[in-house]
Amino acid sequence: MRNLTVHQVYRRSIDFMSDVKDLQESLHCAINSSNNDVYLLLHNHLYVIPFEGDIIDLDIGPSLKIVSMEYCTTLQELYCAYEFGDVVKIDIKDPTRIDQNVVGIFGKGLQCMKFSPDHELVVVVTGKGNVITMVLDFQIISEVNLYSEKFGQCEFFNAGWGKKETQFHGSMGKAAARAEPEELIPNEHDDGGTRIRWREDGAFFTVSFLHKKTKIRRFKVFNREGILCYTNEPVNGLEECLAWSPLGNLLAVTQTAYDKYVIAFFEKNGLKYSEFLLPFKVGEVKVKDLLWSPDILAVVCHESKTNAKLIQLWTENNCYWYLKQTLVFNEANPLLYVTWSNVTNKKELIYLTKKEITFCSFNWCLDHSRGKTVDDRAVSGVIDGNKILVTAFKDGVVPPPMAHQSLETQESQNAIIFGPNINKSALVNSNDFFTISCNNKLTVFKQKKKFSTLTYVAANVCSISCDVLYVIEDKALKIDDRDCFMQHFLWFTENIMLFSIVTKNHNLLCVLSLNGMHSNDCLKIREIHVMDYPIEHIVSSPDANTAYIKVRDRIFKYTRNGKLEQTDITLSEQCEQIEVIQIDSKDIILALSLENSFLVDGKEIAKNITSFYVHSDFLLLTTLQCTLICVLLNEVNIRQLSERDLTIQPWDLNMNEILFAGIYIRRLEKGSRIITTIPYESKVILQLPRGNLECIQPRALSVHILKCYLNNCDYLTALAIMTKQRINLNLLYDHDPQLFLDNVKKFVEDLVQHKKLNWLSLFLSELQNVDVTRTMYTFCYADRNPVKSDDRSNETTINKVDEICKLLRDAMEKHQDADNLIQPILISLVKNQQRQGLENALSKIKQVKMLEDSQRSELRDSTVSAHGALKCLLHFVTIDTLYDVALGMYDLELAKFIASESSKEDPKEYIPFLNNLKKLDPNYMKYSINVHLKRYELALENLSKDPTKFEECLNLIRNHKLYKAAIKLFEKNTTEYKKVAEVYGEFLSSEGKYVEAGMMFYRSGDLDKAVETFSMSSDNWEDVIAISKEMKLSPANSHKLYNTLVERLKAERKYKHAAIILKEYLNDAEEAVALLCEGRSWKYAIRIISDVQRLDLNG
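Mapping of the sequence shown onto full-length UniProt numbering: residues 1 to 1099, in sequence order.
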């Protein structure tokens, strides 16, 4: 989906070839790949053209025919191979003095010479067709004859697995097995030249040659040691041009096949792999050279009819070849030499013409509509020669190379320029666009709005008049010839287009008037601005009031009133993409460098960004770590980008997405890049490395768009998005609780009116007492404090589920179509309160069943179904649970109905069981049901109402330990109460809880057991004495009881308590004092001595 655009152009005039004829044959060129210095050999003159500096003219002696000239980077020397057989080394380190030495002599003459990419090996082909591989000092490694019939050391092995006639030929059918081999026909138009091409890694090289006997062109593949490995299969129509692919797996060769002209691809083993068709008929053009950069194939052609030369730049994606750029060179300024630069990772093409040398670098770009309104259809345009492939992603995702519409033009196109983002203009639509052809013809394409599908029509074809550049009064700016290079087009406003022109001496920013674009008049440049350096980018602000121009490391801005001024922003990086956003009415420049650095107003904030896109209120970024980052466009979040770790990988944390406040990160497939997004929708279109498209909807964008719909109370559209993308429906309420509560009736009415009752049921079923804006969607609600897992202080005290269910249920029950709202009403009851809600829901089902039965008895069609209502509840609870709840309601008929709807229940079991319950006394029936449901406290409550079942009641209390509940059911001082207290006391005593047990025995009236139980613990001696007083024991028994208590307290070293009993109840002060002394309670002992006036004890 990408197009190739000119990034920067540097042109340098050359005047020494203006009067020279037959340049193509006498000119030889070499490039210093370390600094792009150019060396031109013309007759007996060597011209050194540095990238910056004066041209040096050197005389190298007599003019002899040269077949090849190479520059050795390691030695900084030129090597010239002469046709008569000598190889001469030219030392040019000192421009004032030339040192020439013959380093190789080949008596049979030379056809060509080529250095390896690492400049360690040299390969030459002699006049007799011998391929000689040598090291840099011209010591021979190997020598192989091209015309030998040997295939090579990797010759195919015939395993003898059958003849061709018996093999499977796929879709070609049996006819392929009987096909006669193709008759080889000599190519009459072959120039007979021999060419050498090295693979980029230097492991192999290939030699293309014309066999001197058969006159059939073939090629052979050699390894680095000069050993022949492969020979291609004999095919007709091969030409002399060939080039290795960047991956080194294929060889590109031009071929004429029947009535078509193709670029054929061969594997290194010599077998044909595939091909693509050139847009010419056989004989119209002649391909002169093939040059491959890392991802672009340059095809250099000569057009026989016009005698013009073309450079076509092709690229492959999704197994389809696109023609992205066409450079045309007329006869007055012919193309002489072209190559790709190896200086940097830029896609820089270096070409030489008669008048100048040009360095032209290219970038990939995405041409798409720039509108931010709902009318924009997210149109993307792809250049394919003279065709424009247009796709509206708002209408659907069409995988390339297919498109919604293919627009054909008369000339090859080089650029697409979409209309500005103007909301109120009726003349310009953001979906409209211009195309710029290879001959600078401008074609206007207008969208037909009457059609529902995307349809374009070519409104007009205009040319651009550059007369102002030739008649300008300032002689310093006046251009002598009409050779202009136009690029960087921007449709700025409705009637203004900005673009740049690079001439031999000037870099100009031009303002083009579009007032005549609907007529056949030439479009005129109304003003120009001279820049110091070549322009690299021209982009518009979102409101189309300002255009920003990048010139080297400076940023200029051009306003609607024609004012051009420099900003204080410095952008030193070579940028692949630049966009402008507005935050608080301030323009901010976003840039992505060729080295994957992301910059905001010239400040680097990330080094791992592969693409970015501005979508509504979000900035979208893809990273080298295969993630998509969504950032809300505000000053705080843009600042956070530099503070966050954008290299984080969600799958390392066992998750597919990571959420921060204002920043959302999710996983992507490796190599994904953003193509476009759809305004006011959450769809993001990505292109994967193999070329196919993927449409995703990031949660951050979806939630942000949902917020707009929820603020407008457009619940129907919001629910459609939420259900499709599985967004938690609690967000309907949590986004703005009060707004939702105020519009509950509208919410119900909208869903009922559009028959979306299932959405209402789904919303109720998903309700939770959790604020999702503070948990899973906190990245879109940065102003709300997130709830930590161990912090529940922020949870609302109001039960959200109960409140919503109650309001919705009231609205549904009062609705005129309430009969059809049974299911959501039941869900609201179930979600409201678990047990009580189930009982209320079953009561509702009973009402529905009664209504259904009455309508059936009156021979009317039932509008509601108890079976359907029950089936709805089964999504939340099991049938067994509903059966138990119905029994717990003591509604046997309802329980029978529920059991009859279950496939698990056996009628032979539940019908007798229910019939037996009907025969019982109401209280005993409830008791039996509660025992069956294991609700023993309720069973005890029902059984306690029948005095005749008291013994059974006691057994229930003992078996299920219902003592606390039982003691509350009977009145005090009754026989039943005392019996329950006695049973409870026995249980507490067995558990070792003597205090509680003593109290229960006391309540039961059994004072003996109470005293005995209290006596088991020394802490209860006061209770024992109190109860003994109440029992009115004899003095002897009392004395015995007190002594027992004293001994027990003494054994437990509670001397003070024992001393109190001795003094107060046994009147034994002497023993009390002795006991206190033993416990070292001296002061208490002295006090007792004083109280009883026994000073004799104070010894």
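C-beta atoms are modelled at their ideal positions from N, C-alpha and C, and glycine is treated no differently.
Handout entry: Between the CA atoms of Gly202 and Lys260 - distance to the nearest angstrom
Key = 33 Å
Exercise for the section: Answer with buried or exposed for Ser789, where buried requires no fewer than 16 other C-beta atoms within 10 angstroms of its C-beta. Expected result: Residue confidence for Ser789 is low, a pLDDT of 47 falling below 50, so the modelled location carries little weight; the figure read from the coordinates is stated next. Classification of Ser789: exposed, given that the 10 Å Cβ count is below 16.
Problem - Inside the segment 701 to 774 only - alpha helix (DSSP H) runs reaching at least 4 residues - result: 715 to 725, 731 to 734, 737 to 742, 744 to 753 and 757 to 766
Handout entry: Ile98 versus Val235, Leu58, Ile678 and Lys372, residue with shortest Cα-Cα distance
Key = Looking only at Val235, Leu58, Ile678 and Lys372, the smallest Cα-Cα distance to Ile98 is reached by Leu58.
Exercise for the section: Closer than 6 Å by C-beta to Gly104: which residues in its own chain qualify, once you throw out the five before and the five after it? Chain order, please. Expected result: Val87 and Phe138
Handout entry: Nearest to Gly193 (by Cα), restricted to the options Ile185, Phe209, Glu200 and Asp714
Key = Phe209
Handout entry: CB contact flag (Val14, Ile60, <9 Å)
Key = What sits at residue 14 in the sequence shown is Ile, not Val. Their beta carbons are not under 9 Å apart, which means Ile14 does not touch Ile60 by this criterion.
Problem - In DSSP terms, what Val461 is bridged to - result: Bridge partners of Val461: Thr443.
Practice task
Pick helix, strand or coil for Ser68, following the three-state DSSP scheme.
Solution key: Judged by DSSP in its simplified three-state form, Ser68 adopts strand.
Practice task
Report yes if the C-beta distance between Phe489 and Tyr558 is below 9 Å; otherwise report no.
Solution key: no
Handout entry: Candidates Trp198, Arg218 and Tyr258: closest to Asn249 by CA position
Key = Of Trp198, Arg218 and Tyr258, the residue nearest in Cα terms is Trp198.
Exercise for the section: Under 7 Å Cβ to Cβ from Ala981, same chain only, skipping five residues before and after it: list those, please. Expected result: Ile967, Met1000, Arg1003 and Ser1004
Practice task
Tell me, to the nearest whole angstrom, how far the beta carbon of Lys16 is from that of Asn36; I am working on the premise that it is less than 8 Å.
Solution key: The sequence given here places Phe at residue 16; Lys does not occur at that position. No, Phe16 and Asn36 are not in contact; Cβ-Cβ is about 19 Å, not under 8 Å.
Exercise for the section: Just confirm the distance between the C-beta atoms of Pro246 and Pro294, as a whole number of angstroms; I'd bet it's less than 8 Å. Expected result: 5 Å
Practice task
For Phe204, count neighbouring Cβ atoms within 10 angstroms of its own Cβ and tell me buried if that reaches 16, exposed if not.
Solution key: buried
Exercise for the section: Taking only the alpha-carbon atoms, compute the straight-line gap between Ile528 and Val511 and give it to the nearest angstrom. Expected result: Within the model, the alpha-carbon separation for Ile528 versus Val511 is close to 6 Å.
Problem - First through last residue of the alpha helix (DSSP H) which encompasses Gly985 - result: In the DSSP annotation of this structure, the continuous segment of the alpha helix (DSSP H) that includes Gly985 starts and ends at Thr975 to Ser990.
Practice task
Check whether the segment 346 to 362 touches the segment 706 to 726, counting contact only when three or more Cβ pairs, one atom from each stretch, lie closer than 8 Å.
Solution key: no
Problem - Neighbour-count burial assignment, Ile583, 16 or more Cβ in a 10 Å radius - result: It is exposed - the Cβ of Ile583 has fewer than 16 other Cβ atoms within 10 Å.
Practice task
Ignoring anything shorter than 3 residues or poking outside the segment 253 to 334, list the beta strand (DSSP E) runs there in chain order.
Solution key: Runs of the beta strand (DSSP E) lying entirely within the segment 253 to 334, each at least 3 residues long, are 260 to 267, 272 to 277, 285 to 292, 297 to 303, 308 to 317 and 320 to 329 in chain order.
Exercise for the section: Please classify Met402: is it buried, with 16 or more other beta-carbons within 10 angstroms of its beta-carbon, or exposed? Expected result: exposed
Problem - Residue closest to Phe362, alpha-carbon to alpha-carbon, out of Asp553, Ile185, Lys309 and Thr326 - result: Out of Asp553, Ile185, Lys309 and Thr326, Thr326 has the C-alpha closest to the C-alpha of Phe362.
Practice task
With DSSP as the reference, label Asp481 as helix, strand or coil.
Solution key: Any reading at Asp481 must be qualified, since the residue scores a pLDDT of 47, below 50, and its modelled position is unreliable; no value is offered.
Exercise for the section: Name, in chain order, the residues that DSSP records as bridge partners for Phe219. Expected result: Ser208
Problem - Other residues of its chain near Phe280: CB distance less than 8 Å, five sequence neighbours each side excluded - result: Tyr261 and Cys301
Practice task
Return the first residue and the last residue of the alpha helix (DSSP H) that Gly193 is part of.
Solution key: Neither: Gly193 is in no alpha helix (DSSP H) and is coded neither H nor E.
Problem - The beta strand (DSSP E) enclosing Val88, as first and last residue numbers - result: Asp86 to Asp91
Exercise for the section: State buried or exposed for Asn431, treating a residue as buried only when at least 16 other CB atoms are found within 10 Å of its CB. Expected result: buried
Practice task
Decide yes or no for the touch test of the segment 113 to 131 against the segment 67 to 82: beta carbon pairs closer than 8 Å, at least 3 of them.
Solution key: yes
Practice task
Hey, could you find the ends of the alpha helix (DSSP H) Tyr936 is sitting in?
Solution key: From DSSP, the alpha helix (DSSP H) with Tyr936 extends over Tyr936 to Leu943.
Practice task
Going by CA-CA distance only, name the one from Leu668, Tyr664, Tyr613 and Leu641 that's closest to residue 1103.
Solution key: This structure cannot speak to residue 1103, because the chain is shown only from 1 to 1099.
Practice task
Rank Glu579, Phe451, Lys670 and Tyr781 by C-alpha distance to the C-alpha of Glu694 and give the top, closest one.
Solution key: Lys670
Practice task
Sort out for me which residues DSSP pairs Leu582 with in a bridge.
Solution key: Looking at the sequence provided, one finds Gln at residue 582 rather than Leu. Paired residues: Asp587.
Exercise for the section: Take Leu633 and list the residues in its own chain whose beta-carbon comes closer than 7 Å to its own, dropping the five residues that flank it on each side. Expected result: The beta carbon of Leu633 sits closer than 7 Å to those of Ile581, Ile583, Asp617, Phe618 and Leu619, all from its chain and outside the five residues before and after it, given in chain order.
Practice task
Report yes if the C-beta distance between Glu937 and Leu962 is below 9 Å; otherwise report no.
Solution key: yes
Exercise for the section: Identify, in the order they occur along the chain, each residue of the same chain with its Cβ nearer than 6 Å to the Cβ of Thr256, setting aside the five sequence neighbours on each side. Expected result: Gly237 and Val282
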